[in-house]
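Report on one structure; see the data block that follows.
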């Protein structure tokens, strides 16, 4: 090698000259890989950033993950020999339900809580273990239950949190890639932690503590422990044994609070209908066509038909940027129909009809209670402290539409909802405004907890839906500087990351109708254009795969027909991927399950389909897709089972409903 090449390839400063040796920062010299492996983090005090340290953050994926799994598998195999059949079935049942939290809790109790690990070690458990495994086990021995309150995200594998059960500890780094990918500021989660050289590590699943509005989460948690019979003082040992009970109690509290809120809320749906005679049809169409309280959507081609959103009486089209929605209006050739939720909105409709001053037919009104159609979640009410049901308010129906382009930078609907928040009375603050509560020493602590909940909610939308919102300016406006922390990065959560019980089934926004020739031409293009079909097949793969998880199982022929139909329908709705929007398969499945359990024995299949097709905001597309499904059945010569038709049509509607959350571009 000549001098020039020697200069280029010279070892970096401090690098071992012998490739079979490595530099040891702790020793200040060169050691063999064997000496490193036998002594690191035990006989040798390794720095956490050493490239050869498996506990270094840089080695989280390449070395640490495999080491942690290996140690857990060692312990699990040892445990499986000692457990009774009922104990094994209990763990297997939790794993079969994909309940990571409970299965992990049972493992932790049997290994740590019952003292098995200490006995195993005394009996020579570690005799054949490698050094890294021994060090890993010594870290794992520090495991304990934790009530995390998160403060921020540091990087892709690290978040910052405090343990509310150990208030004496300062904020610490929590190492877990899954948590760092989704957590928001002031999220409160119950889980486990153990200490690593580089920080704390979460272990097993986490469950969110139910929202209790403006209550201190630690005080509420202690109240729950007292209600469940935990001993006074240090409850660590009791928690280690009873973590599954806490998970059950968290569910019971969330369900009980939701049920009370539903009971307090007016969720009656009113379908109001008025006959329209030939003499009144044109005057009515003219009135509605110019009415300032109607936000019109495209009518069906070739029919005397109008579809619009009825706006709240308080809206001023000349001034307001957005308006509250009262309900959906449809004008058929011989009938005017308006669908609303709540007595107050029904009263608005009646005043609206009276203001038209036309001799319409006598009102026909069909009332249904939406709360009764929601799925019921079993829970044990005895696990809910009575005080946890105090101060629950009604559900506020606050659907809005934009009337004009906003002035300044575009805002999300969530961000707009916080306009003027500082000066609006809040029931949980006993009717005080946040600004007034911030200035009142007796109310400030409740405001802090309330705003932590709002920050957590908004950060959840940042992490899971990519909504660019940050409440730091509002916190500064209220003088809550101590709550101001950097917001977490924007992101989107994959479908499997959703908890079905927590998926909000918000309806699609008002939008133009895809119908007539435009609908036909789009469907024809999807079916005829092989390149487009292939792109859609790739783009919609998660949606199509999700149909395998329907509660009503389909045979291969039915599944193939459904997937082809839905691919055609969603391709017609969105031939190109809308920027910023990804369909959420779990939300689609949750909508499917809710529809399948809705209605009553008096509702015919035709009435059922009319109802759910209308709720998608794209009924014509649903009808065309249903026709396409039947056409595919005839073409293939393979019969669809009649008993599965309601499931197939509901699945089509659920897919359109999900995709309609991003309105189509029709111009």
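In the working numbering, the protein residues as written are 538 to 1204. For each residue, glycine too, the CB sits at the ideal point set by N, CA and C. Note that the structure is predicted; figures quoted are calculated from it, not measured.
Check                                                                                                                    : Outcome
Reduced DSSP secondary structure (H/G/I, E/B, other) of residue 828                                                      : coil
Cα-Cα separation between residue 568 and residue 733, rounded to whole angstroms                                         : 24 Å
Expected contact under 8 Å - CB spacing of residue 668 and residue 602 to nearest Å                                      : The Cβ separation is near 18 Å, so there is no contact.
Paired residues, beta bridge with residue 901 - DSSP                                                                     : 810
Residue 805 vs residue 879 beta-carbon contact at 8 Å                                                                    : yes
Cβ pair residue 659, residue 687 closer than 8 Å                                                                         : no
Three-state secondary structure assigned by DSSP to residue 539                                                          : Note that residue 539 scores 38 on pLDDT, short of 50, meaning its location in the model is unreliable; the coordinates nonetheless yield the value given after this. In the structure shown, residue 539 sits in coil (DSSP, three-state: anything other than H, G, I, E or B).
Local conformation of residue 1229 per DSSP, three classes                                                               : Because the chain in this structure spans residues 538 to 1204, residue 1229 falls outside the shown range and cannot be described.
Nonlocal neighbours in the same chain, by C-beta distance under 7 Å from residue 631, ignoring five residues either side : 639, 640 and 643
Cα-Cα separation between residue 1104 and residue 1201, rounded to whole angstroms                                       : 15 Å
Span separating the alpha-carbon of residue 589 from that of residue 674                                                 : 19 Å
Three or more C-beta pairs below 8 Å linking the stretch 1018–1028 and the stretch 1126–1137                             : no
Residue 574 - DSSP class collapsed to helix/strand/coil                                                                  : helix
Beta-carbon proximity of residue 1000 to residue 719, cut-off 8 Å                                                        : yes
Cβ-Cβ separation, residue 1115 to residue 1079 (assumed contact under 8 Å), whole Å                                      : Contact doesn't hold; Cβ gap of about 16 Å is too wide.
Proximal residues to residue 971 (C-beta, below 7 Å), its chain only, five neighbours per side dropped                   : 958, 959, 963, 984 and 1015
Residue 769 beta carbon near the ligand GTP (any heavy atom closer than 7 Å)                                             : Within the structure as shown, the ligand GTP is missing, as the structure has no ligands at all.
Range covered by the alpha helix (DSSP H) that runs through residue 1010                                                 : 1009–1014
Distance CB(residue 926)-CB(residue 1076) smaller than 8 Å                                                               : no
Cβ separation of residue 1026 and residue 608, assumed to be a contact under 8 Å, to the nearest whole Å                 : The Cβ separation is near 31 Å, so there is no contact.
Residues near residue 1189 in its chain [Cβ-Cβ closer than 8 Å; skip 5 each side]                                        : 1099, 1102, 1103, 1106, 1159, 1162, 1163 and 1166
Whole-number beta carbon distance between residue 992 and residue 998, since they are thought to touch under 8 Å         : Rounded, the Cβ-Cβ distance is 11 Å, inconsistent with contact.
Residues near residue 1194 by beta carbon distance below 6 Å, same chain, minus five either side                         : 1128 and 1153
Residue range of the alpha helix (DSSP H) that includes residue 869                                                      : Element bounds for residue 869: not the alpha helix (DSSP H) but the beta strand (DSSP E), 859–869.
Endpoints, beta strand (DSSP E) assigned at residue 1142                                                                 : Looking at the DSSP string, residue 1142 is not in any beta strand (DSSP E); the run it does join, the alpha helix (DSSP H), is 1142–1152.
Three or more C-beta pairs below 8 Å linking the stretch 773–787 and the stretch 928–940                                 : no
For residue 893, the nearest candidate out of 817, 1087 and 1198 (CA to CA)                                              : 817
Beta strand (DSSP E) segment containing residue 1021, residue limits                                                     : That residue, residue 1021, is in no beta strand (DSSP E); it is neither H nor E in DSSP.
Residues near residue 995 in its chain [Cβ-Cβ closer than 7 Å; skip 5 each side]                                         : 951, 1006 and 1008
Identified DSSP bridge partners for residue 737                                                                          : 711 and 732
Extent of the continuous beta strand (DSSP E) run through residue 587                                                    : Here residue 587 belongs to no beta strand (DSSP E), and DSSP marks it neither H nor E.
Limits of the unbroken alpha helix (DSSP H) element including residue 698                                                : Run containing residue 698: none in the alpha helix (DSSP H); it sits in the beta strand (DSSP E), 695–700.
Secondary structure of residue 937, DSSP reduced to three states                                                         : strand
Straight-line Cα distance separating residue 599 from residue 613                                                        : 23 Å
The stretch 750–767 touching the stretch 915–926, judged by at least three CB pairs closer than 8 Å                      : yes
Inter-residue CB distance, residue 1028 and residue 898 (contact presumed, cutoff 8 Å)                                   : With a Cβ gap of about 53 Å, residue 1028 and residue 898 do not count as contacting.
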